[in-house]
Amino acid sequence: MKTYREELVFETKTRRAYLNITPQVEAVIQKSGVKEGLVLVNAMHITASVYINDDEQGLLKDYDAFLERLVPHSGTYRHNETGEDNADAHIKRQLMGREVVVAITNGRLDFGPWEQIFYGEFDGRRRKRVLIKVLGE
Amino acid sequence: MKTYREELVFETKTRRAYLNITPQVEAVIQKSGVKEGLVLVNAMHITASVYINDDEQGLLKDYDAFLERLVPHSGTYRHNETGEDNADAHIKRQLMGREVVVAITNGRLDFGPWEQIFYGEFDGRRRKRVLIKVLGE
Amino acid sequence: MKTYREELVFETKTRRAYLNITPQVEAVIQKSGVKEGLVLVNAMHITASVYINDDEQGLLKDYDAFLERLVPHSGTYRHNETGEDNADAHIKRQLMGREVVVAITNGRLDFGPWEQIFYGEFDGRRRKRVLIKVLGE
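Here the protein sequences come in this chain order: A, B and C. Residues in the first sequence are numbered from 1 upward in steps of one, following my numbering. Residues in the second sequence are numbered from 1001 upward in steps of one, following my numbering. Residues in the third sequence are numbered from 2001 upward in steps of one, following my numbering.
Here you go:
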């Protein structure tokens, strides 16, 4: 059994952003040498998501509008009484998810036709990390 | 370490459907020969979910009503300006989740009393796939 | 390859509760002897969640208010026509998630600065279980 670990680092210019990180994850799997196994990709921060969906610009705007309608940044939150302003980001991240687990088959992400891995940032403009952990053989 | 991979194929007659796929997943685990490990079950398409909950017909209707109230199929979405009509399905799938990871113990799904694995379809009436990846020994 | 399995048991005094279970999961990983691998932590009941976020009391109230606003306990649900009163709990648990998968590195949870594992109970006042399955070497 092999394991391999690597971090990606992001610092988005906007508060919210949706970045396709599939090529970076593919590169880490190649480095790991794992041909059959699983890869875990997770946000290491609790106001960001890793999720799998379509790389289509209209859809990314739909996600953003949906999340902001449901959990507005300017809403009233108990968490923000601590001096924070990111309660909405903690809730948005729960809706989009913390992590994905993807099968590795023949040394590659075992994906359907349109699956792409995204980093979803909900409280950006600071340095944040994503963990990639590969396990297999 | 062993790994084993199989796909399930679905083509639902309705746009949205909720199918209990637990027996199929159990059968794949038996074929794999894995006694201790993990199984990943994920939708390979980005307008469908795999999730774990109760096989009760009223609840399935509650899920459907909740999702349709929150993200109506007939709503206005940027993604649909591309000629698609399934933006709602991409968002519904995020809320219900892409995948489940389940423990395998003594060669079986290590489940609580009511856990059942469901395929949640939000843009059906076409051929779609679910991936089952077993890892363990 | 090693695997190790243990259950945690909870019986909350209130219908809904949010409990930080990180120390219990760390202790199980130490017992397992696994230094490199993955740990799966999942609710074994379908009206409860395991999720990762911040241990801040205001935020826990924000989660609760958000979930209750979106899926009120006193709403009208088909599932409750069966004599149950917990349809809302089945839906709330989907939004917060069933499970987390966390990397184990050097024998510890491989976490970012604020990540904490929570048990989210949405239909408490009864005995319920969480499964911890460790896999690695």
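Glycine included, C-beta positions come from ideal geometry on N, C-alpha and C.
Check: Who are the near neighbours of S1074 (chain B) in its chain, counting only those whose CB is closer than 6 Å to its CB and skipping five residues on each side?; Outcome: none
Check: Looking at chain B, is there any beta carbon in it that lies within less than 8 Å of the beta carbon of Q2030 (chain C)?; Outcome: no
Check: What does R129 (chain A) reach in chain C if we use C-beta pairs closer than 9 Å?; Outcome: G2112
Check: Excluding the 5 residues flanking A1017 (chain B) on each side, which residues of the same chain have their C-beta closer than 7 Å to its C-beta?; Outcome: E1121 and G1124
Check: Could you name each continuous beta strand (DSSP E) segment of 3 residues or more that falls completely within the stretch 1085–1121 of chain B, going from the start of the chain to the end?; Outcome: 1099–1105 and 1116–1121
Check: What in chain A is Cβ-close to M1096 (chain B), meaning under 8 Å?; Outcome: The premise fails here: M1096 (chain B) is roughly 11 Å from chain A at the closest Cβ pair, so nothing lies under 8 Å.
Check: Go ahead and label G1136 (chain B) buried or exposed: buried means 16 or more other beta carbons lie within 10 angstroms of its beta carbon, across all protein chains shown.; Outcome: buried
Check: Over what stretch of residues does the alpha helix (DSSP H) that includes G1058 (chain B) continue unbroken?; Outcome: Q1057 to L1070
Check: What is the DSSP secondary structure of S2032 (chain C), counted as helix, strand or coil?; Outcome: helix
Check: Taking the continuous beta strand (DSSP E) assigned at T14 (chain A), which residues delimit it?; Outcome: First-last for T14 (chain A): undefined, no H or E at that position.
Check: Using a Cβ distance threshold of 8 Å, determine whether the stretch 88–96 of chain A contacts the stretch 2077–2085 of chain C, with at least three qualifying pairs required.; Outcome: no
Check: Just how far apart, CA to CA, sit G1107 (chain B) and L19 (chain A)?; Outcome: 39 Å
Check: Would the stretch 1049–1063 of chain B count as touching the stretch 2006–2013 of chain C if we require 3 or more Cβ pairs under 8 Å?; Outcome: no
Check: Evaluate the contact criterion for the stretch 1094–1101 of chain B versus the stretch 93–103 of chain A: three or more CB pairs, one atom per stretch, below 8 Å.; Outcome: yes
Check: Measure from the alpha carbon of Y77 (chain A) to the alpha carbon of each residue in C:F2066, C:H2079 and C:T2076, then state which is nearest.; Outcome: C:F2066
Check: What whole-angstrom Cβ distance do D62 (chain A) and H1079 (chain B) have, given they're in contact under 8 Å?; Outcome: 5 Å
Check: Under 8 Å, CB to CB, which of the residues in the stretch 1061–1087 of chain B have a partner in chain D?; Outcome: Chain labels in this structure do not include chain D; the protein chains are A, B and C.
Check: At the level of alpha carbons, what is the spacing between G1112 (chain B) and L59 (chain A)?; Outcome: 36 Å
Check: For A1048 (chain B), count neighbouring Cβ atoms within 10 angstroms of its own Cβ and tell me buried if that reaches 16, exposed if not.; Outcome: buried
Check: Assuming I1029 (chain B) contacts L1131 (chain B) (C-beta within less than 8 Å), just tell me the rounded distance between them.; Outcome: About 14 Å separates the two Cβ atoms, so there is no contact after all.
Check: How is T1082 (chain B) classed by DSSP in three states: helix, strand or coil?; Outcome: helix
Check: Listed from N- to C-terminal order along the chain, which residues in the stretch 35–51 of chain A have their beta-carbon within a distance smaller than 8 Å of any beta-carbon of chain C?; Outcome: L38, L40, N42, A43, M44, H45 and I46
Check: For T22 (chain A), does the three-state DSSP call read helix, strand or coil?; Outcome: helix
Check: If V2050 (chain C) sits next to N2042 (chain C), beta carbons under 8 Å apart, how far is it from one beta carbon to the other, in whole angstroms?; Outcome: 6 Å
Check: Show which residues of chain A have a CB atom less than 8 Å away from the CB atom of K1133 (chain B).; Outcome: L38, A103, T105 and D110
Check: Hey, is E1099 (chain B)'s beta-carbon within less than 8 Å of any beta-carbon in chain A?; Outcome: yes
Check: For Y2049 (chain C), list the residues DSSP reports as bridge partners.; Outcome: Strictly speaking, residue 2049 (chain C) in this sequence is Ser, with Tyr absent from that position. DSSP lists C:G2120 as partners of S2049 (chain C).
Check: Between I2104 (chain C) and L2040 (chain C), is the Cβ-Cβ spacing less than 8 Å?; Outcome: no
Check: I need the straight-line Cα distance from I117 (chain A) to P23 (chain A), nearest angstrom please.; Outcome: 9 Å
Check: So with CB distances below 7 Å, who are the chain B contacts of R54 (chain A)?; Outcome: The sequence as given places Asp at residue 54 (chain A); Arg does not occur at that position. What D54 (chain A) touches in chain B: I1046 and H1090.
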